[in-house]
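Novice: Sending over a structure as structure tokens; questions will come in a sec.
There are 2 protein chains.
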Amino acid sequence: MSAGVHRFGGGLAEGGVADAALLGRKGANLCEMARLGLPVPPGFVLDTGTFARWREGGGLDEATRAAIREAMGWLEGVTGRRFGGGERPLLVSLRSGAPVSMPGMLDTLLNIGLTDAAHAALAARDPRLAEDCRRRLVAALATTVMEADPDDFDDAVDDWLLDRGIDRIETQDADTLAALTDRMLSIAAEEGDAPFPGTAEGQLLKGIEAVMASWNSRRARRYRASQSLPDDTGTAVTVQAMVLGNLGPTSATGVAFTRDPSTGSARLYGEYLPDAQGDDVVAGIRTPAPLTEADAADSRARATPMQRAMPEAFAALKAHAATLEAHFRAAQDIEFTVEDGTLWLLQTRDARTAPRAGLRIAVEMAEAGAISRDEALLRVAPGDLDHLLHPKVDPAARRDVVAKGLPASPGAISGEVVFTPAEAEALSAKGRDAILVRVETSPEDIHGMYAAAGVLTVRGGMTSHAAVVARSLGRPCVCGAGDARVDVMAGVLTGSDGRAIRRGDILTIDGTAGEALAGALPMIEPEPDPALATLMDWADARRRLRVRANADTAEEAATARRLGAEGIGLCRTEHAFFQQGRLAALQQLILSDTPDSRRRALSHLLPLQRADFVGVMEAMGGCPVCVRLLDPPIHEFLPRTEAAMRELARDMDMSLADLHDRVEELGEFNPMLGRRGCRVGVLFPEIYDMQVRAIFEAALAVEAAGGDPVDLEIMVPFVSTDRETGLFRRRFEAIAATLRHENGRAPTWRLGVMIETPRAALRCGRICEDAAFVSFGTNDLTQMTYGLSRDDAGRFIRDYVARGALTHDPFHRLDEDGVGELIRLGTERGRAARPDLTVAICGEHGGDAVTIRFCEGLGMDYVSCSPYRAPAARLAAAQATVRRERET
Amino acid sequence: MSAGVHRFGGGLAEGGVADAALLGRKGANLCEMARLGLPVPPGFVLDTGTFARWREGGGLDEATRAAIREAMGWLEGVTGRRFGGGERPLLVSLRSGAPVSMPGMLDTLLNIGLTDAAHAALAARDPRLAEDCRRRLVAALATTVMEADPDDFDDAVDDWLLDRGIDRIETQDADTLAALTDRMLSIAAEEGDAPFPGTAEGQLLKGIEAVMASWNSRRARRYRASQSLPDDTGTAVTVQAMVLGNLGPTSATGVAFTRDPSTGSARLYGEYLPDAQGDDVVAGIRTPAPLTEADAADSRARATPMQRAMPEAFAALKAHAATLEAHFRAAQDIEFTVEDGTLWLLQTRDARTAPRAGLRIAVEMAEAGAISRDEALLRVAPGDLDHLLHPKVDPAARRDVVAKGLPASPGAISGEVVFTPAEAEALSAKGRDAILVRVETSPEDIHGMYAAAGVLTVRGGMTSHAAVVARSLGRPCVCGAGDARVDVMAGVLTGSDGRAIRRGDILTIDGTAGEALAGALPMIEPEPDPALATLMDWADARRRLRVRANADTAEEAATARRLGAEGIGLCRTEHAFFQQGRLAALQQLILSDTPDSRRRALSHLLPLQRADFVGVMEAMGGCPVCVRLLDPPIHEFLPRTEAAMRELARDMDMSLADLHDRVEELGEFNPMLGRRGCRVGVLFPEIYDMQVRAIFEAALAVEAAGGDPVDLEIMVPFVSTDRETGLFRRRFEAIAATLRHENGRAPTWRLGVMIETPRAALRCGRICEDAAFVSFGTNDLTQMTYGLSRDDAGRFIRDYVARGALTHDPFHRLDEDGVGELIRLGTERGRAARPDLTVAICGEHGGDAVTIRFCEGLGMDYVSCSPYRAPAARLAAAQATVRRERET
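Here the protein sequences come in this chain order: A and B. For the first sequence, the positions run 1134 to 2021 when our numbering is used. For the second sequence, the positions run 1134 to 2021 when our numbering is used.
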């Protein structure tokens, strides 16, 4: 065939599934179906090369026109019909098809070739059908080829219908439809810039150009920008003989899935509409009927299932669906039309399924041998697992409903109420859960939603911005709680019963039930999913990277183990100090200058910390536990109110003026760059000494009580010099020696550092002389590498990205070029100095699949992430292994 | 001779100047003088190997004792005297001598060997001399060998003298001296732990051990710690025949410099005391006489100069001094004794001189051919030049004295009064001059003094902590202004006339006159120094690195050129905005959302900025001018008081509430990590666009007015991505194009970036695709590399260093391992991507000699520092070239 034109059907298939870049996904699959001998209406694809020539030349060149004419001649021959006339007129559809699917973004034109002559021929057989087809053609060409403004056009059509009291076009008779079509033509002639093409070839060529032009529509460009798709690939255009689903009761159009896209169940699933055309099924104007008897029984719908109405077409559909799934080795989403009892397949593509369904399909297909286990692993997006694992509110819990809305994103979470994205980010940066409460959300809020643990909005439905984003982020969300009111300025959420919930109050979002509840409710874990368990087994067998979890409490540690974490990669110790009674003791430690007051504080804190650690260690039952010593800026622990100061001064037997001085001295201009991390341990040695002693004693206590020996790691945060590490090693060894002297026993332990400053990464070789492991803390490392605080960046980073100064927010996606370069240098230098060095990553990026692949590339030992992300991380690690092996 | 013993004198010289590590500096030079045939009393050196054996063995081993005995036998032979007795008893001195000089830190013992028999023999000739020698011996041995507590011993001796009404020992007769010596012996016997050694050998061996033990005295250890000297080298001990300067009027002891140590003038200079011994000259008990007739005439002292009193000995001294200087190729500091008309040289060492004198000596010696020009360059410490260049208060200025004190450190400076080191650092970080006012200073204040431009204390003398530190830092300082009062808490300095100077008031410190003056006084530049001019010529001829200066105003630019800067490496543009009238306009730009208000602000600011730049460019007369666009955190420009807010809201026609919101939105948690540097330029494009336009227009104006074409560079601060750079390049090119369109002309310019984030250093290769030059800003780069803000670090970094977690403050000395590694990587990657890339360093480290050597090693193009440091930088650059060539 001529260059740029690829025919399919009628015994030909000039292309196949591998040609998606050239033919578009849709065109390639049509060729592939033709190649398989499936009943595809014949047609041809104008490839992306043709598109490129059209774009460059500002129109279709003569060679292309000639090739189209030639292909149309072939199509007439194959179908035995004539384009533009004759007794059996040939109508064609024009469909766009980009290499990467852009659903609904590009134009589709049907019934091309319906000239007056063709119309007359069709009308001779079925007058209403002829008018219906002509109406559809004119409506489509009015705003594309004739270039009428869509809004103006729709308004004018609506006016005409309103004048006549018509509210449903579909039920009108042929005359009314004809009058409507004439009216549309005259509106378009007035509003538009181009005439209606009367000839079949005119409709075809102008239609093809209109489909191509839709690539550059504002809507399509925005979509590509939002999906980071390139602008230059262009689209192919498929020209295909029309088959008519609107020829009466023996005709139909429908959609079929080879497996249930909601549950993944391996049975044909779908909907159809008798006597209908095009996108009538998905447009929702008439209620479609189910395909199968089983679904008809389930739905108690009175509509006749296709299985009963058209048993032969149904049988063919079922057989072809099986063929397609087996051939494409993935669940398929198939469009079909039945024309006078004959089944035609119009499109097939890999089905988009709910996360749980996709997982089940991948596992079942691998178990059936249709795909390999490696392929099953690659088919599940790690992020999808998040949805399956989040806890739900315990049904036994007493529910105190503050506001009711829509169940916009499933799962449940408790947290502190905030009213702005910035507050959400600030709270999240401190490791606390924020519930973001908004009137409604807009793209400006996405960063806040990312930072928030849950979302509540007063306006908006299931497809509102908040709902869509929350589902994609896996955040529990209640939308459209219209009986509540939000005053962002005042920081008050007024519940449906009038009560005021203020900033910092605790709220539970039950995104499954669509309710916001007062206080923190008890949660239960979701049902175990057998497919998930199987996939996790396969992932664990396949992955090289180990996966640990960040867990601070015994409860989190238990969750982490249950979700397959092989240890704790980050056990933070600071949250404990914010508890009642402990903060005051810590403040005394920091603020006092008398040894007596310090000793009192230490003797108060030590047993409490020890008990914390015993709980965590017991829960981990011998798996590694990496405890990070106190990390936050010391000023976070300072008393803030005058009353707190006065009380503390009294407790410490210190003058209020002296205390004020000391507090002021400990305040900082840039807390992120001050007395934080191990600097606290250097400047207030008692604190780390107490923590280390508590950790050691806890390990000994666990073992003494018959528990597994604790695989203990102590991690020093925010290191910037090797001297710090040496200092701590010697000090902690001395504590261990004292303990051995006192008890005759000391725990086995390893010292490591958290690499959060560029300097620590660069000096990793020297630091490793004292450290047996290093763990990259990517949040802080990103802050220091960019010179950008996460707290502050939240306010302007979207602007920054929008202006093109950054490609993405580096706190959301690891910056492999800069931060990643430091991780690479640190890993290389550390390993060179100490070949047995354990190298890991922890922090927000630790559970991210792209980052995990990066870590695999560096040969890291493990990643550590939040417990609920552990399964996703295990899967991502397995994918990374598979991909690495495939690449080499 | 035996191992560990090295003889000199009497025709022998078992060592020389190269053996300082083994013989100590003093012993090596004595051997060298003996080798030169100069009149050195014979003796021998126990080397540092002997010291090491003594330390390891806990005493002198038998081999050493035997070697000492053997050497003493030789000494008796050479001198024709007997040790411990005989008619002509041999007395020896014991002197310590470490490889690196520790002046005054280790013990010296004289008159060793003065047994009863020797005493009797001496007394037969001169009874008073004998008693004087014995008194000196006993006083020295009492606290060393006999181990009496020095304080207790001195108290007891003072009591005895007081009882007898004696206030000057030197004038007492023989009987009184004998009684005093007996009393000292009995006190030492009571207080001390060891008996007085009666035998000559006992005195010798115990004395040697005492000298060795003084290496480990608290005082010596502290000194070594303060000077970063190693503890393990130990000291050599010189045993040398005593010559007596206290044999009457034909004897004397003195000190001579081959050049005047204050001025560098090439003439013999020094002092002597007839009939004196040991350190009587420097002890200041009697007033010494000058050496030369010329000095005697100058001083109008009645004392007879040595030149007249002992012409032969003087002539010998002058000749030997010339020999020594020629031989050691450096001005010498010589100790001598005249015994009965015969000159003996006891010690020579390189003279310590005032900075100006050292400079002159180096230049004159090179001009005389005694040393090479390269050596002259290496001999002058770049930091010493600072002292020579600082301005002084204009004598014509009206002086309004707030407080009078001591002229503790010369030079004059005006600045804002602060009362704490932290305030000084905070102000300095903003590029403003701080005058630190304290009651007195302690080591905890050093960082504040470093940050301060000048210092005033109420207590303390010329050698107080404040005075010593200020001189070493080259900061003008007035000490001991006892008639003023300081209330740090209240932030008030009360002047001698009772007036109150508050925090932020402007004060001038005249460290040359010892006065603190109200307001900012006009300054004049110091006299030009011909030796400096010569040295600078040599340095300029020798260095490879270019030197630019950081200058923000036309005045600073003029100073920079005068001091030899070859361009401006950093012209900051932010100070201009803090001026009256400009701040409000900038605030409108930042806070407004209406284009009108922004346009008004811009049209106000543009001509002012343009005028600033015209001044700077004219002053530089065609040398490169690198203008850095606005850099500080935007929040520094926000209105702070309610009154300012109200006024601004009115000016901007904005509600106060809206303004509050906007100001709050622009506040930051960590200003150093927020909207600063080029982020301001991305987020508020009008500001950079206005600045760039002002810069371009200024360059065109200068050229249009007949000035040299401006070598223009525009520097973007605080870059972290290559996208930022590309963005600015395109924007600034568009501004240049607009200008060309408007005027038919546009300036030639280059775009560069300031590398202050680790990421920019790592990504330098990509960034250089859009940047023709990069300049490392080491202050910020240090902040980000360590994750440590300079503002905050000031409060704890001394503690941090003291605890061993850091070896030094990286803001004072460039951290070559971490920050330097990023500079190295950035330079390599930048040059690899763009071989013609200009690479530079600016910021505080840019004028530091060690850093300059580092930059030379990387092959950088230039360094940029403050104007007054430019000469030091030029010298340091020359030294770096010389050293690099010598190494290769």
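Glycine included, C-beta positions come from ideal geometry on N, C-alpha and C.
(1) Anything in chain A within Cβ reach of residue 1928 of chain B, meaning under 7 Å, just list it in chain order.
(2) Run through chain B and tell me which residues come within less than 7 Å of residue 1922 of chain A, C-beta to C-beta.
(3) Candidates B:1290, B:1221 and B:1295: which alpha carbon is nearest residue 1259 of chain B's?
(4) Between the Cα of residue 1142 of chain A and the Cα atoms of A:1964, A:1534, A:1176 and A:1149, which residue gives the shortest distance?
(5) The beta strand (DSSP E) that contains residue 1139 of chain B, what's its start and end?
(6) Residue 1254 of chain A lies in the alpha helix (DSSP H); which residues open and close that run?
(7) How far does the alpha helix (DSSP H) with residue 1403 of chain B in it reach, from first residue to last?
(8) Between the alpha carbons of residue 1915 of chain A and residue 1571 of chain A, how many angstroms are there, rounded?
(9) Would you verify that the beta carbon of residue 1623 of chain B is, or is not, closer than 7 Å to some beta carbon of chain A?
(10) Name the chain B residues whose beta carbon is nearer than 8 Å to that of residue 1917 of chain A?
(11) Does the contact criterion of 3 or more C-beta pairs under 8 Å hold for the stretch 1977-1992 of chain A versus the stretch 1150-1162 of chain B?
(12) Please name the residues in the stretch 1940-1952 of chain A whose beta-carbon is closer than 8 Å to at least one beta-carbon of chain B, in chain order.
(13) Would you list, in sequence order, the uninterrupted alpha helix (DSSP H) runs of no fewer than 4 residues that lie entirely inside the stretch 1642-1695 of chain A?
(14) Give the DSSP-derived three-state secondary structure of residue 1844 of chain B in the structure shown.
(15) Give a yes or no on whether the minimum CB-CB distance between residue 1815 of chain A and chain B is below 7 Å.
(16) For a cutoff of 7 Å on Cβ pairs, would you count residue 1925 of chain A as touching chain B?
(17) When you compare only the Cα positions, how much space is there between residue 1379 of chain B and residue 1269 of chain B?
(18) Could you tell me which of B:1471, B:1242 and B:1409 sits nearest to residue 1371 of chain B, measuring between CA atoms?
(19) Count the C-beta pairs between the stretch 1831-1847 of chain A and the stretch 1876-1889 of chain A that are closer than 8 Å, then say yes if the count reaches three, no if not.
(20) So that I know if they touch, is there some Cβ in chain B lying closer than 7 Å to that of residue 1904 of chain A?
(21) Please classify residue 1360 of chain B as buried or exposed, where buried requires at least 16 neighbouring CB atoms within 10 angstroms.
(22) If you measure between the beta carbons of residue 1758 of chain B and residue 1687 of chain B, is that distance less than 7 Å?
(23) Candidates B:1926, B:1900, B:1905 and B:1774: which alpha carbon is nearest residue 1801 of chain A's?
(24) CA-CA distance, residue 1326 of chain B and residue 1468 of chain B?
(25) Hey, does residue 1637 of chain A have any beta-carbon neighbour from chain B nearer than 7 Å?
(26) Using a Cβ-Cβ distance under 7 Å, would residue 1898 of chain B count as near chain A?
(27) Just to confirm, are residue 1853 of chain B and residue 1893 of chain B a CB contact at a threshold of 7 Å?
(28) Could you check whether the Cβ of residue 1097 of chain A sits closer than 7 Å to any Cβ belonging to chain B?
(29) Quick one: does residue 1914 of chain A have its CB under 7 Å from some CB of chain B?
(30) How big is the Cα-Cα spacing for residue 1450 of chain A and residue 1514 of chain A?
(31) May I have the straight-line CA-CA distance separating residue 1661 of chain B from residue 1753 of chain B, to the nearest angstrom?
(32) Smallest Cα separation from residue 1905 of chain A: which of A:1899, A:1913 and A:1885?
(33) Could you give the residue range of the beta strand (DSSP E) that holds residue 1882 of chain A?
(34) Could you tell me which residues DSSP pairs with residue 1373 of chain B in its beta bridges?
(35) Entirely within the stretch 1436-1479 of chain A and at least 3 residues each: give me those beta strand (DSSP E) ranges in chain order.
(36) If you reduce the DSSP assignment to three classes, tell me which class residue 1171 of chain B lands in.
Specialist: For this structure:
(1) As a first step, residue 1928 of chain B is located in the second sequence; it is residue number 795 there, counting from the start. 1798, listed in chain order.
(2) What you label residue 1922 of chain A is simply residue 789 of the first sequence in a count that begins at 1. In chain order: 1802, 1803, 1806 and 1807.
(3) For the purposes of this step, residue 1259 of chain B is identified with residue 126 of the second sequence, where counting begins at 1. It is B:1221 whose Cα lies nearest to the Cα of residue 1259 of chain B.
(4) Stepping through the first sequence from its first residue, residue 1142 of chain A is reached at position 9. Closest by alpha carbon: A:1176.
(5) Counting from 1 along the second sequence, the entry for residue 1139 of chain B is found at position 6. 1138-1142 is the span of the beta strand (DSSP E), which, as asked, contains residue 1139 of chain B.
(6) Counting from one through the first sequence, the residue named residue 1254 of chain A turns up at place 121. Start and end: 1249-1258.
(7) Taking the first residue of the second sequence as 1, we reach residue 1403 of chain B at position 270. Careful: residue 1403 of chain B lies outside any alpha helix (DSSP H), inside the beta strand (DSSP E) at 1402-1407.
(8) Within the first sequence, numbered from 1, the residue matching residue 1915 of chain A stands at position 782. Within the first sequence, numbered from 1, the residue matching residue 1571 of chain A stands at position 438. Each residue's alpha carbon lies about 29 Å from the other.
(9) As a first step, residue 1623 of chain B must be located in the second sequence, where it is residue number 490. False, the Cβ-Cβ gap to chain A never drops below 7 Å.
(10) If you number the first sequence from 1, residue 1917 of chain A lands on position 784. Chain B residues near residue 1917 of chain A: 1891, 1917, 1918 and 1920.
(11) no
(12) 1940, 1948, 1950, 1951 and 1952
(13) 1663-1675 and 1687-1695
(14) For the purposes of this step, residue 1844 of chain B is identified with residue 711 of the second sequence, where counting begins at 1. Here residue 1844 of chain B sits in strand by DSSP.
(15) In the first sequence, the residue the question calls residue 1815 of chain A occupies position 682. Judged by the 7 Å Cβ criterion, residue 1815 of chain A is in contact with chain B.
(16) Numbered from 1 along the first sequence, position 792 holds the residue referred to as residue 1925 of chain A. Cβ-Cβ to chain B under 7 Å: yes for residue 1925 of chain A.
(17) By 1-based counting over the second sequence, the position of residue 1379 of chain B is 246. By 1-based counting over the second sequence, the position of residue 1269 of chain B is 136. About 12 Å.
(18) Counted from its first residue, the second sequence places residue 1371 of chain B at position 238. Of B:1471, B:1242 and B:1409, the residue nearest in Cα terms is B:1242.
(19) yes
(20) Numbered from 1 along the first sequence, position 771 holds the residue referred to as residue 1904 of chain A. Not closer than 7 Å to any Cβ of chain B, the Cβ of residue 1904 of chain A fails to qualify, so no.
(21) Walking along the second sequence from the start, residue 1360 of chain B turns up at place 227. That one is exposed.
(22) One-based indexing of the second sequence puts residue 1758 of chain B at position 625. One-based indexing of the second sequence puts residue 1687 of chain B at position 554. Cβ atoms of residue 1758 of chain B and residue 1687 of chain B: not closer than 7 Å.
(23) By one-based count along the first sequence, residue 1801 of chain A stands at place 668. The residue with the shortest Cα to Cα distance from residue 1801 of chain A is B:1926.
(24) Here the question's residue 1326 of chain B lines up with position 193 in the second sequence. Here the question's residue 1468 of chain B lines up with position 335 in the second sequence. Between residue 1326 of chain B and residue 1468 of chain B, the C-alpha separation is close to 34 Å.
(25) Taking the first residue of the first sequence as 1, we reach residue 1637 of chain A at position 504. Taking Cβ atoms only, chain B never reaches closer than 7 Å to residue 1637 of chain A, which makes this a no.
(26) The residue labelled residue 1898 of chain B in the question sits at position 765 within the second sequence. No, residue 1898 of chain B lies away from the interface with chain A (no Cβ there is under 7 Å from its Cβ).
(27) Sequence index remark: in the second sequence, residue 1853 of chain B carries index 720 (1-based). Sequence index remark: in the second sequence, residue 1893 of chain B carries index 760 (1-based). Their beta carbons are under 7 Å apart, which means residue 1853 of chain B touches residue 1893 of chain B by this criterion.
(28) As displayed, chain A neither begins before 1134 nor continues past 2021, which places residue 1097 of chain A out of reach and without an answer.
(29) Here residue 1914 of chain A is taken as the residue at index 781 of the first sequence, counted from 1. No, residue 1914 of chain A does not count as interfacial toward chain B.
(30) As a working note, residue 1450 of chain A is residue 317 in the first sequence. As a working note, residue 1514 of chain A is residue 381 in the first sequence. C-alpha separation (whole angstroms): 30 Å.
(31) By one-based count along the second sequence, residue 1661 of chain B stands at place 528. By one-based count along the second sequence, residue 1753 of chain B stands at place 620. Taking the straight line from one Cα to the other gives about 21 Å.
(32) Residue mapping note: residue 1905 of chain A aligns to position 772 of the first sequence, counting from 1. That would be A:1885, whose Cα lies nearest to the Cα of residue 1905 of chain A.
(33) In the first sequence, residue 1882 of chain A corresponds to position 749, counting from 1. Unbroken beta strand (DSSP E) run through residue 1882 of chain A: 1882-1888.
(34) In the second sequence, residue 1373 of chain B corresponds to position 240, counting from 1. In the DSSP output, where bridge partners are listed per residue, residue 1373 of chain B has B:1176 and B:1226.
(35) 1465-1472
(36) Residue mapping note: residue 1171 of chain B aligns to position 38 of the second sequence, counting from 1. Correct three-state label for residue 1171 of chain B: coil.
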